[in-house]
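What follows is a set of notes on a single structure, which appears directly below.
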Amino acid sequence: MTKFDKNLLTPCPTLRPSEAEFMDPVGYLSSGPISELGKKYGIVKIIPPESWKPGFQISPSFKFHVRQQVISDLGITTRSRKFFRESINRFLNMRRKRLLKLSFTVDGHKVYYYDLYVLVEKLGGFQVMDKSKWLEVNKIFGVDPKSRVIEMEYNASIKYYANFLKCNSSTDFPESDSDSESESCLICGDNENPQETLLCDNCDHAFHMKCLNPPLSQIPATNWYCDKCLIGTGDYGFEEHPEIKYSIPEFYKMCQEFDHQFAQDYYDGKKPTLDELEEKFWSFVDIEKSDLEVLYGADIHNLKPGEISGFPMVNTPGLDIANAENRFYINHPYNLTKLPFAKGSLLNYINTSISGMTVPWIYIGSLLSTFCWHVEDHYTLSANYCHFGATKKWYGIPSSHADRFEKLMRKSAPDLFKKQPDLLHQLVTLINPVELVRNGIPCVYADQGPREFVITYPKVYHAGFNSGFNFNEAVNFAMDDWLEFGERSVFDYRPIKKEDVFNYHELVENILKDFNHHPKSGNLDLARRSVDVLERFLHHQEILLSNTKLKNMDMEHRPKAYKKRQFDLEQKGEVEDEEEDLCSNCKTHLGYQYCEFHDAPDGNIKSIRDEIKQENVGNVQNHQLPTPEISPQEIVVKESSSADATTISEFSSSKQLEALGKASCEMDEFDQLILQAKKRSCEPEEESNSKRRKSKRLMSLEEQQYQKKKVTTHANEKMKGMRRTSHKKKKGTGARRFCLRCTLDFDQIPSVTKVIYQSYPQQLRQTVDEAKANLCSLQVV
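The opening residue of the sequence shown carries number 1 in full-length UniProt numbering; numbering runs sequentially from there.
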């Protein structure tokens, strides 16, 4: 466990702007000296002038629901170890092997099974492990070099599971509409032949035995788990109960009771200091077992007047807007309902409101409730204001070290990031700031009290926790220096398929339109950089379009690789349906030229890839291991015979994998004994004519429906953090849209496909050319 040492961290700058400076937040924060502080430290604290005292204007009717946070589950290492143990124990349970704890001890040194698995994978995998590599493993864990305990424990407990993961490297699992039970097969979607349906012993999803890969003809006698539960998705979220809501007084009373009990349990009834709480918080994050659960009213976005913000607004019920003081605070640029659109904020160029970004979200904290490491959407700046309550602790990483931070997080849990590429955007993961400093990553802290702002600059990772009950709210804004960060965010979002919250290039286009309208009074540097951004965008689109047109050439002149399919070219004069203009695969904006797949089934891009692969099925060998036949499984049959044993042996995983050479999964003597002993160990359990074993994994349709009714139906959700978006889903179009880059990733294109080529980019080019001409006339370029 990493011991917390506050002395290793750096306090953030505390700024006290004058009343004049406080009236121009964007101008002040982007001014030379202050901007340099933002780049150096990443976060700054702003204390308003003493005279600035806006009233708290939340309506008495305001209510909110909370999320439940188990602090020890948030640590990236502790959660990875826990997930690994859960998945490998399902695998071992299927094979009737000894289940694992989190760790084992060698010569007084604790060795975590997950850490051992990751280390061996880093060294090349068990196939290449030799004496020298095991010596290196022992050295890393501080064990006697001559000891073979770690090697033997790995071979006995981890080796076969590691190979199973290697052979099942894909993390594309059948999607379900919910996590509840269903009588329909998750693969084919049908609920026919319930007598041939298996239910996973962990997630309770249904699977036809014939739909498995390879299909099963008999029922496994041991517990059976689907691939998703054996491999794991790395998915994690906070429990939320939206139907249970609290008023502020009700939640405050709960917080008081929790604070009192916490002091009794950990500090002999004395109120802990802020430093003591900080050390205790990070110890909870780093320990493997802790049942401490806290509540956080986070990402609250009510829409009723008087419940949107704690700041006064024009529509605040009962507020006298004729009063000069009220009007002053309603329109003040540091009123967080106004800050996103303050003078100089580039979010003025967005044509829509975005909840949580341009409309505040409210945060009502309790003792040790936390917000995990993250950057703001599109790397914008954020402003957080504490209306009242206990100190909120902040930690920040300057943007110049953001890449190093991301690399360290991926290094800490490589398998978790493989399964959840956008993990750092989910707001569910913590790592001790001291661990960052020890890896050469500077970490800044801030203690935010009532009536204080904390500002985070572009692409600054930040996290923190609340030292007790408090009421905060936050929004985003953007300064001139953000422009290139916004461009980078679109580039970074694509490979992890994080949805664009707004159309970045449309924002930049609006900057140039405004500049062209008033070039002499415009921001010349911003205009020049905006021209550069849009020229890069247009150049890239032209390259993609030329490659797409290549596929649309006549068959005679088309390169051989593209002769399989062709698609139509359709030209449209203007943007159509701006409410849903994201690529169905990568979630970035379509860029005005895109493809429509009219025959593409619902789901993700994998469905289309599967359609393409089906055409070449004769030339493709699927090497995915069958889930029920990991080692192979003990099988229950109606009658036992040598013919049955031969059939079982022929479709077992050992036969399937012999052709894979080095990647083949090994069997041990225990697995062989299972097959040989199947008749002795598995007697029929039903007295009916059918001797098939009865279990919850094989149920009649009526039984499944009855069981489903027993499932609690209240709105109990797991949340990773609310997604901020202004987009609405299209309905009933019958077509799915893909950007040109994703389209070109396909080896072949499905039939009935159109390339939509809109003339709008020509208008965009005219806007860019006009801006260049204006800049040239002003002798800027």
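Using N, Cα and C, we set each Cβ at its ideal position, and we do this for glycine too.
query	result
Asn-466 - DSSP class collapsed to helix/strand/coil	strand
Separation of Gly-310 from Ile-58, as counted between CA atoms	5 Å
Helix, strand or coil at Gln-763 according to DSSP, with G and I counted as helix	helix
For Val-120, the first and last residue of its enclosing alpha helix (DSSP H)	113 to 122
Among Leu-216, Pro-215, Ser-184, Phe-62, the one whose alpha carbon lies nearest that of Asp-204	Ser-184
Per-residue DSSP class, three states only, for Lys-418	helix
Ordered list of alpha helix (DSSP H) runs contained in the segment 315 to 386, each at least 4 residues	324 to 331
Per-residue DSSP class, three states only, for Gln-218	coil
Distance between Leu-538 and Asp-480 (C-alpha atoms, nearest Å)	21 Å
Arg-736 - DSSP class collapsed to helix/strand/coil	strand
Alpha-carbon to alpha-carbon, Val-137 and Phe-83	22 Å
Proximity winner among Thr-391, Lys-146, His-301, relative to Val-359 (alpha-carbon distances)	His-301
Close-in-space but distant-in-sequence residues of the same chain around Ile-321 (CB under 8 Å, 5 per side omitted)	Val-314, Arg-327, Ile-330
Contacts around Thr-391, its chain only, beta-carbon distance under 7 Å, and the 5 residues preceding and following it disregarded	Leu-274, Asp-447, Gln-448, Gly-449, Ser-467
Residue interval of the beta strand (DSSP E) (run including residue 800)	This structure cannot settle anything about residue 800, because the visible part of the chain is limited to 1 through 781.
Inter-residue spacing [alpha-carbon to alpha-carbon] between Ala-324 and Pro-49	19 Å
Complete runs of the beta strand (DSSP E) confined to the segment 446 to 508 [at least 3 residues]	453 to 456, 461 to 466, 470 to 477
Cut-off 8 Å between Cβ atoms - residues of its own chain near Pro-54, not counting five sequence neighbours on either side	Phe-311, Pro-312, Tyr-329, His-332, Asn-335
Asn-163 beta carbon less than 9 Å from that of Phe-126	yes
Residue from Gln-541, Cys-739, Leu-507, Ser-283 whose Cα sits closest to the Cα of Thr-2	Ser-283
Collapsed DSSP secondary structure at Gly-32 in the structure displayed	helix
Counted within 10 angstroms of its Cβ, other Cβ atoms place Val-128 as buried (16 or more) or exposed	exposed
Distance CB(Leu-740)-CB(Val-755) smaller than 9 Å	yes
Touching by the beta-carbon criterion (3+ pairs, under 8 Å), the segment 213 to 222 and the segment 106 to 114	no
Those residues which DSSP pairs with Val-70 across a bridge	Glu-293
Coarse secondary structure for Cys-185, derived from DSSP in three states	strand
Expected contact under 8 Å - CB spacing of residue 783 and Phe-471 to nearest Å	This structure gives no information on residue 783, because the portion of the chain shown stretches from 1 to 781.
Sequence-distant residues of the same chain with beta carbon closer than 7 Å to Pro-433, five excluded per side	Leu-9, Tyr-395, Cys-443
Euclidean distance between Cα positions of Pro-194 and Ile-219	13 Å
Proximal residues to residue 793 (C-beta, below 7 Å), its chain only, five neighbours per side dropped	The displayed coordinates of the chain run from 1 to 781. Any statement about residue 793 would go beyond what the structure contains.
DSSP three-state assignment for Gln-264, whether helix, strand or coil	helix
Minimum C-alpha distance to Pro-60 - residue among Val-501, Lys-166, Gly-306, Gly-75	Gly-306
Residues of its chain near Lys-228, where Cβ-Cβ distance is below 6 Å and the 5 sequence neighbours each way are ignored	Phe-173
Inter-stretch contact (C-beta, 8 Å, three-pair minimum) for the segment 411 to 418 and the segment 11 to 26	no
Asn-223 and Asp-259 closer than 9 Å at C-beta	no
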